[in-house]
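Notes for the one structure printed next.
In our numbering, the protein residues as written are 759 to 1287.
Spelled out as structure tokens, the structure:
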């Protein structure tokens, strides 16, 4: 197996640095390294193996009085996850060496750990608070085990730190955190010189709900409800990533084929719905009202179909560990095919309309460029990454459900602008329609859609990964006793892509920002867990 070969390579590369190493769940490698060697080990792996950092998180393992830090790298070409972890004795001052200077995508993870656990990273390029706000008390770290979820914190008033850009004619334009319409809160501080944007800093976490904290010591079925509520427009793919991790931990090696193909159908319906909303939003932000209404109408068709199939427009309560709650597809194949036929025709005609409008194309071309180099450094995922030349997709590299049995293409563009991000989503809608048809055709007529989940292995851990509409979605689950969850770490695609938005707007004008923002269409709730 490829994972076994990589396992041997890691042990050879790290040699004396390794305290313990094991291969679990077929493709997950876990290697323990001492705190003083963890940076060297990470850089050794990152330099010598073709991999990318996809997660970095902490875990309080009280009452052992230790803090663990996990660095997870994905070898996308070989369907393998490498996790290096280290144990730190808890103390008033805890420190690790930062890897952000060498691996830029680590920066936000390290800042998150500093806020949530109180662990300091030496030589971190930006040590400011990420999750905490100016009214949050100092030296309070919510993911430590001694912090209770129902704690009522004192309200404090501290000055929030922002980057200040100095120079003649430079001024700041604050936008938010409260916005017009129904979008969630986020504060954007622009530094501009006349019209061009010099710098943008986004302050998020105004809707932080503490979902990871609320999951501690809860039954795994209750935590499924939290997973479904991370982000409304990615309900199914979040629940699916969680279910995959639970299925690994229960020792299940087989799921019914009808369940696997049904999961493809629902995941692709969710993708179509999300992308139609994004494309409609781009038309709204260019004042192109007719196609905006058309794409919104098509999105409504998918929402109605989802409600007909499952009773929920957002596919809530359809997934469960072991498969689906019931056979939602049976006897509904005809209405799904009819919807796809109608959608495909109307979608193609509306796409032709916007692509033949020179004024519209002029607004989206060469706007909001995110270079390939920047996208690689920040590990930008999903349509945002694919529009900048990063051809990655979890459905291909870490295949799940029935994707390995189906044919589909990954869109790839390299102009890196709003137009490319729109075209990726247009092509993905077309691919999703094809995938749904293939899944319905290959789905066996007989069979169940679920198997029973047994007892979860205590003190075990596993990853679940899906390709959400916004991109690579990573869920880590660690079990406690009696089917409870000890640690649930969620890294949605929005966490990776918010820093990219701040770079993509530079040199553009303030009036371009809504358009660039909509081309990424990142989730506030999906980031502010």
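C-beta: ideal position from N, C-alpha, C; glycine also.
Residue burial classification, residue i (beta-carbon count within 10 angstroms, cutoff 16)
| i | result |
| --- | --- |
| residue 931 | exposed |
| residue 912 | exposed |
| residue 954 | exposed |
| residue 944 | buried |
| residue 985 | buried |
| residue 720 | Residue 720 lies beyond the residue range present for the chain, which begins at 759 and ends at 1287; the question has no answer from this structure. |
| residue 791 | buried |
| residue 973 | buried |
| residue 941 | exposed |
| residue 780 | exposed |
| residue 825 | buried |
| residue 818 | buried |
| residue 1201 | buried |
| residue 717 | For the chain, the structure presents residues 759 to 1287; residue 717 sits outside this window and is missing. |
| residue 1160 | buried |
| residue 1014 | buried |
| residue 918 | exposed |
| residue 924 | exposed |
| residue 979 | exposed |
| residue 1069 | exposed |
| residue 1240 | exposed |
| residue 1002 | buried |
| residue 876 | buried |
| residue 879 | buried |
| residue 971 | buried |
| residue 1237 | buried |
| residue 864 | buried |
For residue i: DSSP bridge partner residues
| i | result |
| --- | --- |
| residue 1003 | Partner(s): none; residue 1003 has no beta bridge. |
| residue 852 | 877 |
| residue 786 | 782 and 839 |
| residue 954 | 1267 |
| residue 831 | 811 and 840 |
| residue 1077 | 1082 |
| residue 1208 | 1081 |
| residue 847 | 824 |
| residue 737 | No answer is possible for residue 737: the residues shown for the chain start at 759 and end at 1287. |
| residue 776 | 791 |
8 Å contact criterion, which residue i and residue j should meet: CB distance rounded
| i | j | result |
| --- | --- | --- |
| residue 1087 | residue 1020 | 5 Å |
| residue 747 | residue 900 | Residue 747 cannot be examined here, being either before or after the span of the chain that is shown, 759 to 1287. |
| residue 1005 | residue 1080 | 7 Å |
| residue 833 | residue 816 | So it is not a contact: roughly 23 Å between Cβ atoms. |
| residue 1025 | residue 998 | 7 Å |
| residue 746 | residue 939 | No statement about residue 746 is possible, as the shown extent of the chain runs from 759 to 1287 and does not include it. |
| residue 1171 | residue 1145 | 5 Å |
| residue 1078 | residue 982 | 7 Å |
| residue 785 | residue 761 | 5 Å |
| residue 868 | residue 811 | So it is not a contact: roughly 11 Å between Cβ atoms. |
| residue 1000 | residue 1263 | Wrong, their Cβ atoms sit about 33 Å apart, outside the cutoff. |
| residue 933 | residue 946 | 4 Å |
| residue 1306 | residue 809 | Because the chain is modelled from 759 through 1287, residue 1306 falls outside the range shown and cannot be assessed. |
| residue 1270 | residue 1125 | 6 Å |
| residue 1097 | residue 1063 | 5 Å |
| residue 1043 | residue 1259 | Between residue 1259 and residue 1043 the Cβ distance is about 14 Å, and since that is not below 8 Å, they are no contact. |
Near the ligand ADP: residue i beta-carbon under 7 Å from a heavy atom
| i | result |
| --- | --- |
| residue 961 | You won't find the ligand ADP in this model; it holds no ligand whatsoever. |
Taking only runs that begin and end inside the region 1213–1278, name each unbroken alpha helix (DSSP H) of 4 or more residues, in chain order.
-> 1251–1262 and 1271–1278
Sequence ranges, beta strand (DSSP E) only - wholly within the region 1134–1161, length at least 3 | Taken in chain order, the region 1134–1161 contains no complete beta strand (DSSP E) segment of 3 residues or longer.
4-residue-minimum alpha helix (DSSP H) runs that sit fully inside the region 959–1014, ordered along the chain = 969–972, 978–986 and 993–1007
Mind pulling the alpha helix (DSSP H) runs of 4 or more residues that sit fully within the region 788–826?
-> 796–806
Whole runs of the alpha helix (DSSP H) within the region 1091–1135, excluding any shorter than 4 residues = 1091–1113, 1116–1122 and 1130–1135
The region 1132–1151 in contact with the region 1221–1228 per 3-pair CB rule at 8 Å | yes
Is the region 1249–1269 touching the region 852–859, taking contact as three or more C-beta pairs under 8 Å?
-> no
Is the number of C-beta pairs between the region 1164–1180 and the region 1272–1284 that are closer than 8 Å three or more?
-> yes
Evaluate contact between the region 1236–1250 and the region 1023–1032, counting only Cβ atoms and requiring at least three cross-stretch pairs below 8 Å.
-> no
Could I get the ranges of all uninterrupted alpha helix (DSSP H) runs contained in the region 918–953, with 4 residues as the minimum, in chain order?
-> DSSP runs (the alpha helix (DSSP H)) wholly in the region 918–953: none.
In chain order, which continuous runs of the alpha helix (DSSP H) of length 4 or greater are located wholly inside the region 1013–1080?
-> 1015–1043 and 1047–1068
The region 1194–1206 / the region 1115–1122 touching (three or more Cβ pairs under 8 Å) = no
Inter-stretch contact at 8 Å, needing at least 3 Cβ pairs: the region 1034–1049 / the region 1204–1211 = Using a C-beta cut-off of 8 Å, the region 1034–1049 makes no contact with the region 1204–1211, since fewer than three inter-stretch Cβ pairs fall below that distance.
Take every Cβ of the region 959–967, pair it with every Cβ of the region 1051–1066, and state whether three or more of those distances are shorter than 8 Å.
-> With the cut-off at 8 Å, the region 959–967 and the region 1051–1066 do not touch.
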